[in-house]
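The structure appears right after this line, and notes come after that.
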Amino acid sequence: MKYRCCINSILWAWATASDRGALSMETLGSLIILVSFAAFILGVVNAIRPQAWMKVRKRLVGLFIILGSMAGCVAGGSMMPQAPTSTVAAAEKSTPQAETAPAKPAGMTQAEFDAVWSQVKGKMEQCDAPLRRAGEAVGTGDVYAAFTPVKAAGEACKAVWLDMGRIEIPRSAKGEVKTAMKEAQDICENAAYLKMEAMEQMAKVLDGDARPSAMADLQDKLERGKTLASGCWISYLGAAGKADLTLPEFEEAAAAVKGQAK
Numbered sequence: 004m005k006y007r008c009c010i011n012s013i014l015w016a017w018a019t020a021s022d023r024g025a026l027s028m029e030t031l032g033s034l035i036i037l038v039s040f041a042a043f044i045l046g047v048v049n050a051i052r053p054q055a056w057m058k059v060r061k062r063l064v065g066l067f068i069i070l071g072s073m074a075g076c077v078a079g080g081s082m083m084p085q086a087p088t089s090t091v092a093a094a095e096k097s098t099p100q101a102e103t104a105p106a107k108p109a110g111m112t113q114a115e116f117d118a119v120w121s122q123v124k125g126k127m128e129q130c131d132a133p134l135r136r137a138g139e140a141v142g143t144g145d146v147y148a149a150f151t152p153v154k155a156a157g158e159a160c161k162a163v164w165l166d167m168g169r170i171e172i173p174r175s176a177k178g179e180v181k182t183a184m185k186e187a188q189d190i191c192e193n194a195a196y197l198k199m200e201a202m203e204q205m206a207k208v209l210d211g212d213a214r215p216s217a218m219a220d221l222q223d224k225l226e227r228g229k230t231l232a233s234g235c236w237i238s239y240l241g242a243a244g245k246a247d248l249t250l251p252e253f254e255e256a257a258a259a260v261k262g263q264a265k
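Numbered according to our numbering, the sequence shown spans residues 4 to 265.
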């Protein structure tokens, strides 16, 4: 009796859905699966023990009911909506990309660049500070008082020239960034060398070598040293740009210019 009530409830739900016009393919598929499931239970019961109230006397009938219910489940399942192809494809593509995406190599950091630039500035100042003192001494017109500071400036710039190549370029600097860093270091090294030569030549002039050629050579070395000194920081500015970094002094100068413009 309880099985008959179950079937009647299913048929009533089906009929109600049909009357309301709401029997879509999805609803129909769901009802077929539900009816097939109920039939499967009845088939199993009759296969074990034929039910007199259903007028079933052979277990074979129960087996047929089971087979029919399985076919009904397949038919009902075919009516259910499938997942959108685009959604499935997107899910399949997203996972492999997330797993196989190559890690982007990290380049030279701002902290690493600042550390190198700080060393370069420190070295260049070890040459420039004695140069300023030598210039002040020469400006007095006293060749005897100027000779010693000029010699000292030459020695200081020589030490800087020898030490500049010992500044290590960060290992994280790769490709054109590494090349730019090396070129900038070479320019600063050459600037220190020319300043050393200029001071040595000035010492000779102060020591009595007043030939025009000696004076011209001194003037040439002073000008070239000045040009390379400017090229030193400009080259590091270019290297910073290639690494998408900044040169602190340039940023400060740019900010000052903007402030004056306002």
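Even for Gly, the Cβ is constructed at its ideal location relative to N, Cα and C.
task: State yes or no: is the C-beta of residue 173 nearer than 7 angstroms to some heavy atom of the ligand ZN?
output: The model on display carries no ligand, and the ligand ZN is accordingly not part of it.
task: Alpha carbon to alpha carbon, how far is residue 110 from residue 180? Give it in angstroms, no decimals.
output: Distance between the alpha carbons of residue 180 and residue 110: 9 angstroms.
query: Fully enclosed by the stretch 116-175, which beta strand (DSSP E) runs are 3 residues long or longer?
result: List check, beta strand (DSSP E) in window: nothing returned.
query: Mapping DSSP to helix, strand and coil, what is residue 11?
result: For residue 11, the predicted model reports a pLDDT of 47, less than 50, meaning its position is unreliable and no value from the coordinates is stated.
- request: Throw me the rounded Cβ distance for the residue 224 and residue 201 pair, which I believe falls under 8 angstroms.
  value: In this structure residue 224 touches residue 201 by the C-beta definition: roughly 4 angstroms separates them, less than 8 angstroms.
message: Considering only the alpha carbon of each residue, which of 205, 115, 154 lies closest to residue 170?
response: A check of alpha carbon separations from residue 170 across 205, 115, 154 identifies 115 as the nearest.
message: With a threshold of 6 angstroms on Cβ separation, who are the neighbours of residue 125 within its own chain once the five nearest residues in sequence on each side are excluded?
response: Cβ within range, chain order: n/a, list empty.
query: Roughly how many whole angstroms lie between the Cα atoms of residue 141 and residue 229?
result: Each residue's alpha carbon lies about 17 angstroms from the other.
message: Do residue 204 and residue 221 have their beta-carbon atoms positioned less than 8 angstroms apart in this structure?
response: Taking 8 angstroms as the Cβ cut-off, residue 221 and residue 204 qualify as a contacting pair.
- prompt: In the structure shown, what three-state DSSP assignment does residue 182 receive?
  reply: If DSSP states are grouped into helix, strand and coil, residue 182 belongs with the helices.
query: Near residue 216, which residues of its chain fall below 6 angstroms by C-beta distance, leaving aside the five closest residues on each side in sequence?
result: Taking C-beta separations shorter than 6 angstroms and ignoring five residues to either side along the sequence, residue 216 has no partners in its chain.
- request: Would you mind reading off the limits of the alpha helix (DSSP H) that contains residue 214?
  value: Premise fails: residue 214 is in no alpha helix (DSSP H) and is neither H nor E.
- prompt: Would residue 206 pass as a contact of residue 138 if the rule is Cβ separation under 8 angstroms?
  reply: With a cutoff of 8 angstroms on beta-carbon distance, residue 206 and residue 138 are scored as not near each other.
- prompt: Applying the criterion that 16 or more other CB atoms from any shown protein chain within 10 Å of the CB defines a buried residue, is residue 210 buried or exposed?
  reply: Exposed, since its Cβ has fewer than 16 Cβ neighbours within 10 Å.
- request: Answer with buried or exposed for residue 131, where buried requires no fewer than 16 other C-beta atoms within 10 angstroms of its C-beta.
  value: Buried, by the Cβ-count rule.
task: In angstroms with no decimal places, state the Cα-to-Cα distance between residue 242 and residue 112.
output: So the alpha carbons of these two residues sit roughly 12 angstroms apart.
message: So, with DSSP's three-state summary, where would you put residue 244?
response: Here residue 244 sits in helix by DSSP.
Cutoff 8 angstroms; reference residue 190; Cβ partners in own chain excluding five residues on either side: Cβ within range, chain order: 231, 234, 235, 238.
- request: Give the DSSP-derived three-state secondary structure of residue 250 in the structure shown.
  value: Residue 250 falls in the coil class under three-state DSSP.
- request: Can you tell me which of the three DSSP states residue 230 falls into?
  value: The three-state reading of DSSP puts residue 230 in helix, counting H, G and I together.
query: Under three-state DSSP, which class holds residue 198?
result: The answer is helix: DSSP assigns residue 198 an H, G or I state.
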